[in-house]
Structure formats: structure tokens, C-alpha cells
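Below is one structure, written out as C-alpha cells; comments come after it.
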Amino acid sequence: MGYSERGNQEWQKDQEKGQTTMADILDGKALAATIHGEQAEKVAFLSKKVGRPPGLAVILVGDDPASHTYVANKRKACHRVGIYAPDINLPASATTDAILEAIDTFNRDPAIDGILVQLPLPSHVAKDKVLLRISPDKDVDGFHPANLGLLVAGEPGLVACTPRGVITLLDRFKIPIAGKHAVVIGRSLIVGKPMALLLLNRDATVTICHSKTSDLAAQARQADILVAALGRPEMIGRDYIKPGATVIDVGISRGTDGKLKGDVLFEEVRQIAGAITPVPGGIGPMTIATLLDNTIDAYRFHAGLTA
Ligand code: GUN
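Going by numbering that gives the first Met the number 0, the first residue of the sequence shown is number 0, and it counts up by one from there.
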């Protein structure tokens, strides 16, 4: 049993005895594979009952190579677990109206439970108009104001995939949340804000930090659970970490050497943290697993299977 299950006090006792070990690695890739296996069983069972599989429309606009890779991974994961996922690729020249039309088609399509428009969109497209057009019950990204409102109210609704994936990872690794001090670095609508609200809804004491926060390291050092979602490669070093803390690295950027880098200096921080997610192989695969969970939740809702 590692530190993630034993907690900070145990870590400190071991340190006093000179018996520190490296942080537990929270293997999101392996966990996501386990979850995909469970999803495949669930989908096979429910598809028989409902008479159709769940459906997810992933809409890709333009030629951004990173977006193409992300979307290919999402569609592949859908096919692997038995979710119907048609390819919708629109040219970079697609107008806002053309994208709205595609969304309207899928809003009406009873074979489609979830709609995701991959971001970023080309700069000529009215992004807010596009995201608002997705029916809230098919909004598997959780970006629609109706779903954001439910999250603020602590009511059930569709929640952004990355932050929901972080909560799933903490739960599966039995890392307690209630009563803990969580510090979220980043205030984006995709990660930081929903992450803070999810942690708050699970009874953590939550601090949100951002680019204007003074003495960020001192704030971060208060964290039992530190979520780094600032998008600055390898900025979080040992000075930001309370010994034994759980460190969740949401950052992902490609270095000049072509390698993927997180926001956390992994080799340095793992010597002081209690548990840590790697990049790659941490939160990235959990985001995709959660997209499929959201799609299955929307499907169950459309099929009248939710209480
Ligand atoms: N681009 C990068 N992350 C995301 C995400 O979570 N959802 C969508 N739609 N696009 C993204």
C-alpha cells in the first residue's frame, strides 16, 4: 500500500524515521484501460435493453494536427467500447452557420446522445454561439451554461471531462477529498473552474490560483491535493509541494525536443509528493474515459434509464 492510501501523516512519520520513498505513480493510462473494459460490458448490456448503442458525434473543423490526433483517439475509444461515433469533419473554411446546421442535425438525431465540437475552432467562427447551440442534454463537454449552472448548484448534470476524470482518478485510488485542502492552479472554463466546483461539492476546502496570484508557491504548499492546470511546462517544482501531497498534473505541451511535458517537474516533485500523475499517461487518458462516461450517462437519460 502506498502513500496515496495512507495519507500525509504517514508520509511525515516515515520521513522522521528516514524512510521516505518516492511518490505513488497514479497510472491514469492503466486505470482508463480498466474503465474502458467496464464501459464495453455496460454498453453491450444496455444496447440490448435499449435496442441501440449510445451515439457520440465528434465534430472536427479544420486541419489542426493536434486536434486531429485528439479526435482520432476519442473516436477510436468509442469504437472499442461499442459507442456509435460517426466522423464529421468540416473544412477550415466552414462558416458558423454551417457548423450550427451540423449541430442542429445531431440535436434532432435520436441515434446521437452526445455532441462534441473539438476546440480550438478557426478564428472566424463564433465559438460561443456554437457551444450554446448544443442541446444541454447532449452537451458531453459540460460547457453549456445550463450544465455549468447545475454544477454551481451542486445538482446532477453533464460535467467537463477533464475535471470529472480527475475526481474519478482520486476516487479509484482511494484518495480522500472531504475535509482536505485542494489548490487548483488555473481558472479556465474547461478545467480550473469546474475542477474547483467539483472538489467543493465533495467537501474539500478549495483555493483557486491564477496568473495574478501572489506567492503562488506558498498557496500551493497548503495543498493536500494540488491540481496543476496552468499550461506552463514544468513550472511546478518542489517549492510548490507540501510533503506527502497528491499532485495532479493536467498540463500537456510539446517541448522543443518533441516530448510531451506536464506543468509539473515530475522527477523532482515525485521525491516529495505522496502521489503524482505522470504526463503522458495520467490525466489525458482519463479525459477520454470520462467523455465515454458522459456519453453513456446521456444515453441512459435519453433511454429513460436514470432514476
Ligand atoms: N480541446 C482540448 N480539450 C478539449 C475538450 O475537453 N473539449 C473539446 N471540445 N475540445 C477540446
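We put the CB at the ideal spot given by N, CA and C, even for glycine.
Taking all protein chains shown into account, do 16 or more other C-beta atoms lie within 10 angstroms of the C-beta of His-123, making it buried, or fewer, making it exposed? Here residue 123 is taken as the residue at index 124 of the sequence shown, counted from 1. His-123 comes out exposed.
Expressed to the nearest angstrom, what Euclidean distance is found between the alpha-carbon atoms of Gly-191 and Gln-221? Here residue 191 refers to the residue found at position 192 of the sequence shown. Here residue 221 refers to the residue found at position 222 of the sequence shown. When rounded, the distance between both Cα atoms is 17 angstroms.
Taking the alpha-carbon positions, what's the Ile-207 to Leu-196 distance? In the sequence shown, counting from the first residue as 1, residue 207 sits at position 208. In the sequence shown, counting from the first residue as 1, residue 196 sits at position 197. Answer to the nearest angstrom: the Cα atoms are 10 angstroms apart.
What are the residues that DSSP puts in a beta bridge with Ser-187? The count along the sequence shown starts at 1 and reaches residue 187 at position 188. For Ser-187, which the question treats as bridged, DSSP gives no partner whatsoever.
Residues near Ala-76 in its chain [Cβ-Cβ closer than 7 angstroms; skip 5 each side]: Taking the sequence shown and counting its residues from 1, the one referred to as residue 76 is at position 77. Once the five neighbours on either side are set aside, the close Cβ partners of Ala-76 are His-35, Ile-287 and Leu-291.
What are the complete alpha helix (DSSP H) segments, minimum 4 residues, inside the stretch 166-217? 191-200
Three or more C-beta pairs closer than 8 angstroms, one from the stretch 257-273 and one from the stretch 228-237: is that the case here? yes
Euclidean distance between Cα positions of Pro-90 and Cys-160: Position 91 of the sequence shown, counted from the first residue, corresponds to residue 90. Position 161 of the sequence shown, counted from the first residue, corresponds to residue 160. Whole-angstrom Cα-Cα distance: 26 angstroms.
Within the continuous beta strand (DSSP E) that includes Ile-82, where are the two ends? Here residue 82 refers to the residue found at position 83 when the sequence shown is read from its first residue. Run containing Ile-82: none; DSSP gives neither H nor E here.
For Ala-181 and Ile-337, believed in contact at Cβ under 8 angstroms, the rounded distance: With the chain covering 0 to 306 only, the question about residue 337 has no answer from this structure.
Taking 8 angstroms as the cut-off, does the stretch 250-261 touch the stretch 135-149 (at least 3 CB pairs, one atom from each stretch)? no
I'd like to confirm something about Val-116: is its beta-carbon nearer than 7 angstroms to some heavy atom of the ligand GUN, or not? Indexing the sequence shown from 1 puts residue 116 at position 117. True, at least one ligand heavy atom lies under 7 angstroms from that Cβ.
Does the stretch 27-44 come close enough to the stretch 84-104 that 3 or more CB-CB pairs lie under 8 angstroms? no
With a threshold of 7 angstroms, establish whether the CB of Cys-77 neighbours any heavy atom of the ligand GUN. Residue numbering aside, residue 77 sits at position 78 when the sequence shown is read from its first letter. No, Cβ of Cys-77 sits at least 7 angstroms from all heavy atoms of the ligand GUN.
For the ligand GUN, any of its heavy atoms closer than 7 angstroms to the Cβ of Thr-161? The residue labelled residue 161 in the question sits at position 162 within the sequence shown. Yes - the ligand GUN has a heavy atom lying nearer than 7 angstroms to the Cβ of Thr-161.
Among the candidates His-301, Leu-199, Lys-47 and Arg-132, whose CA atom is the shortest distance from the CA of Ala-177? Within the sequence shown, residue 177 is the residue found at index 178, counting from 1. Ala-177 has its Cα closest to that of Leu-199, out of His-301, Leu-199, Lys-47 and Arg-132.
Have a look at Ala-97 and Asp-63 and give me their C-alpha separation to the nearest angstrom. Against the sequence shown, residue 97 aligns to sequence position 98. Against the sequence shown, residue 63 aligns to sequence position 64. Distance between the alpha carbons of Ala-97 and Asp-63: 19 angstroms.
Strand pairing of Asp-138, partner residues [DSSP]: Numbered from 1 along the sequence shown, position 139 holds the residue referred to as residue 138. Ile-114, per the DSSP bridge assignment.
Look at the Cβ atom of Gln-117, then the Cβ atom of Val-70, and state whether they are nearer than 8 angstroms. The residue you call residue 117 lines up with position 118 of the sequence shown. The residue you call residue 70 lines up with position 71 of the sequence shown. Their beta carbons are under 8 angstroms apart, which means Gln-117 touches Val-70 by this criterion.
In this structure, how does DSSP classify Asp-23 when only helix, strand and coil are distinguished? Taking the sequence shown and counting its residues from 1, the one referred to as residue 23 is at position 24. Strand, per DSSP.
Output the distance between the C-alpha atoms of Asp-136 and Gly-113, rounded to the nearest integer angstrom. Walking along the sequence shown from the start, residue 136 turns up at place 137. Walking along the sequence shown from the start, residue 113 turns up at place 114. Rounded to whole angstroms, Asp-136 to Gly-113 spans 8 angstroms at the Cα level.
The alpha helix (DSSP H) with Ala-159 in it runs from where to where? Walking along the sequence shown from the start, residue 159 turns up at place 160. Counting along the chain, Ala-159 falls outside any alpha helix (DSSP H), and DSSP gives it neither H nor E.
Can you name the start and end residues of the alpha helix (DSSP H) that Thr-129 belongs to? Here the question's residue 129 lines up with position 130 in the sequence shown. Thr is not the amino acid found at residue 129; the sequence shown has Val there. Counting along the chain, the alpha helix (DSSP H) containing Val-129 begins and ends at 126-132.
Please state whether DSSP places Arg-231 in a helix, a strand or coil. Residue mapping note: residue 231 aligns to position 232 of the sequence shown, counting from 1. Here Arg-231 sits in coil by DSSP.
Taking all protein chains shown into account, decide if Phe-44 is buried (16 or more other Cβ within 10 angstroms of its Cβ) or exposed. The count along the sequence shown starts at 1 and reaches residue 44 at position 45. Under this definition Phe-44 is an exposed residue.
Are Gly-54 and Ile-111 close, meaning C-beta to C-beta below 8 angstroms? To locate residue 54, count along the sequence shown from 1; it is residue 55. To locate residue 111, count along the sequence shown from 1; it is residue 112. Yes.
Tell me which residue opens and which closes the beta strand (DSSP E) that Ile-240 is part of. Position 241 of the sequence shown, counted from the start, is the residue given in the question as residue 240. Run containing Ile-240: none; DSSP gives neither H nor E here.
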